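Enquirer: In our numbering, each number is its position in the sequence shown, counted from 1, plus 307.
Structure incoming, see below.
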Amino acid sequence: RSQDAETEEVSRERAATAYLEGLDRLPFRDGVPDFAAASAVLERVTGWTLVAVPGLIPDAAFFAHLAERRFPVTYWIRKPEELDYIVEPDIFHDAFGHVPILLQPDFAEFLAAYGRLGALATRLGALKPLARLYWHMVEFGLLREGGRMVAYGAGILSSAAETLHATESDKPRRLRFDPWRVLRSDYFIDDLQPTYFVIKDYAELFAATDRLPALLEAARSAEPIPPLDKRPANCPK
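Structure below.
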């Protein structure tokens, strides 16, 4: 059994319903994703399209794409031995991890609003807090659904090890989503996450965007919270 098949199996067992429904609606079953076909599905439902990029792109270009409902998808693929962790995103991470949840309307609205906040954060000198929001709530977001802890974040679902760690392990802390805390919470880029934030639904995430301009301005000078901060968790498994 291939590693990518194993990752998909693990993810399907522990992924949010909206993610799974989105994955099943997209033309991702026949090898390399067809960007045009996937864009046609996305555009009909939430107005998003995909744009191919060679890798990480400048902040301004990234924010502009999101604000216009264009999701950048890297067009190179990782090596098999890199399946559980890779420094830069590849087509597996972007297409398999990010794109399915773009069919969820509230999440799609949140991500477009996030893109619009990029210009403001740049003017305020608050790109670091904004990056924390993306990391915790787009890459590594969790959802309590039907009494279960499930994942919708791409950084979780594109890694079997991270998926099991985030949803099943007793080691990480799972905190209720609090945008002020998220904007101040640092993270590890090269290890399993010690802390995850949990939403009750996607509407909660989108609703928080109304508060973000003021919170970003305050967060730029606030003391960061270390990844291994020992304050009690407020969302037990």
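We put the beta carbon where it would ideally sit given N, CA and C, even for glycine.
None of the values given here were measured: they were computed from a predicted structure.
Would DSSP call I532 helix, strand or coil?
Expert: Strand.
Enquirer: Write down every uninterrupted run of the alpha helix (DSSP H) in the stretch 458–491 whose length is 4 residues or greater and which is fully enclosed by it, in chain order.
Expert: Listed in chain order, the complete alpha helix (DSSP H) runs (minimum 4 residues) inside the stretch 458–491 are 461–464, 467–474 and 486–491.
Enquirer: Around the Cβ of T324, are there at least 16 other Cβ atoms within 10 angstroms (buried) or fewer (exposed)?
Expert: By the neighbour-count rule (16 or more Cβ atoms within 10 Å), T324 is not buried but exposed.
Enquirer: Are Y326 and L464 close, meaning C-beta to C-beta below 8 Å?
Expert: Against a cut-off of 8 Å, the Cβ pair of L464 and Y326 comes out as a contact.
Enquirer: Name the DSSP beta bridge partners of P379, please?
Expert: Looking at the DSSP assignment, P379 forms a beta bridge with V358.
Enquirer: What did DSSP end up calling F335 once you bin it into helix, strand or coil?
Expert: F335: coil per DSSP, three-state reduction.
Enquirer: Identify the residues that DSSP records as bridge partners of Y503: which are they?
Expert: DSSP lists R481 as partners of Y503.
Enquirer: Taking C-beta to C-beta, are Y503 and P479 nearer than 8 Å?
Expert: Contact flag set, yes.
Enquirer: Straight-line CA distance for P361 to E475?
Expert: When rounded, the distance between both Cα atoms is 34 Å.
Enquirer: According to the neighbour-count rule (16 or more other Cβ atoms, all chains shown, within 10 Å of its Cβ), is E320 buried or exposed?
Expert: Under this definition E320 is an exposed residue.
Enquirer: Would G422 and L373 qualify as a contact pair, given that the criterion is a beta-carbon distance under 8 Å?
Expert: In contact: G422 and L373 (Cβ atoms closer than 8 Å).
Enquirer: Where does L363 fall in DSSP's three states?
Expert: Coil.
Enquirer: Is P534 closer than 8 Å to D493 when the C-beta atoms are compared?
Expert: Yes, Cβ-Cβ distance for D493 and P534 is below 8 Å.
Enquirer: So, with DSSP's three-state summary, where would you put A322?
Expert: If DSSP states are grouped into helix, strand and coil, A322 belongs with the strands.
Enquirer: Taking a contact to mean a Cβ-Cβ separation below 8 Å, would you say T353 touches R377 in this structure?
Expert: In this structure, R377 does not lie closer than 8 Å to T353 by Cβ.
Enquirer: Among L519, A461, E530 and P407, whose alpha-carbon lies nearest the alpha-carbon of D485?
Expert: It is L519.
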